[in-house]
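Peer 1:
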Amino acid sequence: MLLLFAGVIAAAIALQMTLMRFAPEGLGRVIQGDEQQYQRAYQRSSLDTLSIKLGEMQARVQRLDALGGRLVKLTGMKPAEFQFDQPPAQGGPLLLLNNSQMTEVDLARQLESLTRLVDDRADKLMALETLLMQNQLSKGLLPSSAPVNEGFYTSNFGWRVDPFTGKTSMHEGVDFMAEEGTAIFASAGGVVVYADTQSQYGNMVEVDHGNDIVTRYAHASRMWVKVGQVVRRGDKIAEVGSTGRSTGNHLHFEVRYKGMAQNPGRFLKNAAG
Ligand SMILES: [Zn+2]
Numbered sequence: 006m007l008l009l010f011a012g013v014i015a016a017a018i019a020l021q022m023t024l025m026r027f028a029p030e031g032l033g034r035v036i037q038g039d040e041q042q043y044q045r046a047y048q049r050s051s052l053d054t055l056s057i058k059l060g061e062m063q064a065r066v067q068r069l070d071a072l073g074g075r076l077v078k079l080t081g082m083k084p085a086e087f088q089f090d091q092p093p094a095q096g097g098p099l100l101l102l103n104n105s106q107m108t109e110v111d112l113a114r115q116l117e118s119l120t121r122l123v124d125d126r127a128d129k130l131m132a133l134e135t136l137l138m139q140n141q142l143s144k145g146l147l148p149s150s151a152p153v154n155e156g157f158y159t160s161n162f163g164w165r166v167d168p169f170t171g172k173t174s175m176h177e178g179v180d181f182m183a184e185e186g187t188a189i190f191a192s193a194g195g196v197v198v199y200a201d202t203q204s205q206y207g208n209m210v211e212v213d214h215g216n217d218i219v220t221r222y223a224h225a226s227r228m229w230v231k232v233g234q235v236v237r238r239g240d241k242i243a244e245v246g247s248t249g250r251s252t253g254n255h256l257h258f259e260v261r262y263k264g265m266a267q268n269p270g271r272f273l274k275n276a277a278g
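Quick note on numbering: this note's numbering labels position 65 of the sequence shown as 70, and the sequence is numbered without any gaps.
(1) Cβ of G178 versus every heavy atom of ligand 1: is any distance shorter than 7 Å?
(2) Can you say whether D124 is buried or exposed, counting buried as having 16 or more other CB atoms within 10 angstroms of its CB?
(3) What is the DSSP secondary structure of G195, counted as helix, strand or coil?
(4) Would you tell me roughly how many angstroms separate the C-alpha atoms of A220 and Q139, rounded to the nearest one?
(5) Under 7 Å: does the beta carbon of Q257 sit that close to some heavy atom of ligand 1?
(6) Return the chain-ordered list of same chain residues with a C-beta closer than 6 Å to the C-beta of R237, the five sequence neighbours on each side being excluded.
(7) Sort out for me which residues DSSP pairs R227 with in a bridge.
(8) If you compare alpha carbons, which of L79, R49, S118 and R126 is closest to D70?
(9) As an exercise, report each continuous beta strand (DSSP E) stretch of at least 3 residues that is fully enclosed by the stretch 126-191, in chain order.
(10) If you measure between the beta carbons of G207 and A266, is that distance less than 8 Å?
(11) Take G249 and list the residues in its own chain whose beta-carbon comes closer than 8 Å to its own, dropping the five residues that flank it on each side.
(12) Mapping DSSP to helix, strand and coil, what is D201?
(13) Can you tell me whether G207 is helix, strand or coil according to DSSP?
(14) Using only CA atoms, which one of I218, E244 and G239 lies nearest to W229?
(15) Specify the secondary structure class of Q234 as computed by DSSP and reduced to three states.
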């Protein structure tokens, strides 16, 4: 019995020796195969974790796109310039992933595509921020405050019969009927570019608000500012009078864009003031 057992063991050892001698590579493959299987399983679970993360990031980018789209609408800009729902020009289409079937190559490609997408959205959002800031700035510099607090406003911008010549002529501003000495305020912040006496406008202050917008305050009795002075919205810059080509005490107020007279009523918040 013992002999038989020893014989079986000897035979088994001999068989294994034989196997190892004649098929050592095959046996090696079996042993390595276990290790590879383990590694593959480990890689599979890592890949799955990464691809789930990737999917979450893609979903976040989509939410950012929706936010960007809403911001573009709010600013009233042309949506064509800020297409948040489009992939960047050089990027491939954004594929939504089937997480369980991702390979390393797929993952790398998706990551690269996502990186390009995020770069593109960062550029667009930064450009949008700049535009919004400019928008806010230029709103602050628009002549929307009434240049006088008291007095009677006549919205007489446009063609009218000239009180001096009796002929029809263009009235390039609006008139505020007010007592002599009534304070005249800057309609928006800016820089004084003219403060002098002129035959037509009399004592006139001109304020440059940037963005090609200029306001004029004419027929003043007194001027309170000098050329080059920075004024804020509401600063007192002159007093109502009747200097120059004027038939009585009033403020002649003009808004010019690129040198062209605009209807100030379009800018004034409270035009009936
Ligand atoms: Zn006038």
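Don't be surprised by glycine CBs; every beta carbon is placed ideally from N, CA and C. Quick caveat: nothing in here was measured; it's all calculated off a predicted structure.
Peer 2: According to the structure data:
(1) Stepping through the sequence shown from its first residue, residue 178 is reached at position 173. Because some heavy atom of ligand 1 lies under 7 Å away, the Cβ of G178 counts as near it: yes.
(2) Numbered from 1 along the sequence shown, position 119 holds the residue referred to as residue 124. Burial check for D124: the Cβ neighbour count within 10 Å stays below 16, so the residue is exposed.
(3) Translated into positions along the sequence shown, residue 195 becomes position 190. Looking at G195 - three-state DSSP - the assignment turns out to be strand.
(4) Locating residue 220 in the sequence shown gives position 215, counting from the first residue. Locating residue 139 in the sequence shown gives position 134, counting from the first residue. Sequence inspection shows Thr at residue 220; the Ala mentioned does not correspond to that position. For the pair T220 and Q139, the Cα-to-Cα distance works out to about 20 Å.
(5) Looking up residue 257 in the sequence shown gives position 252. Note that residue 257 is His in the sequence shown here, rather than Gln. Short note on H257: C-beta closer than 7 Å to some heavy atom of ligand 1.
(6) As a working mapping, residue 237 is identified with position 232 in the sequence shown. Once the five neighbours on either side are set aside, the close Cβ partners of R237 are G194.
(7) One-based indexing of the sequence shown puts residue 227 at position 222. Beta-bridge pairing links R227 to E244.
(8) What you label residue 70 is simply residue 65 of the sequence shown in a count that begins at 1. The candidate whose alpha carbon is nearest that of D70 is R126.
(9) If we require 3 residues or more, the beta strand (DSSP E) runs fully inside the stretch 126-191 come out as 157-159, 163-166, 173-176, 179-182 and 188-190.
(10) Start at 1 with the first residue of the sequence shown, and residue 207 comes out as number 202. Start at 1 with the first residue of the sequence shown, and residue 266 comes out as number 261. With contacts defined by Cβ atoms closer than 8 Å, G207 and A266 do not form a contacting pair.
(11) Within the sequence shown, the letter at position 244 stands for residue 249. The beta carbon of G249 sits closer than 8 Å to those of T202, Q203, S204, Q205, Y206, G207, N208, M209, A223 and H224, all from its chain and outside the five residues before and after it, given in chain order.
(12) Taking the first residue of the sequence shown as position 1, residue 201 is located at position 196. Looking at D201 - three-state DSSP - the assignment turns out to be strand.
(13) Locating residue 207 in the sequence shown gives position 202, where the first residue counts as 1. Reduced to three states, the DSSP call for G207 is strand.
(14) Translated into positions along the sequence shown, residue 229 becomes position 224. Its Cα nearest to that of W229, the residue E244 stands out among I218, E244 and G239.
(15) By 1-based counting over the sequence shown, the position of residue 234 is 229. The answer is coil: DSSP assigns Q234 none of H, G, I, E or B.
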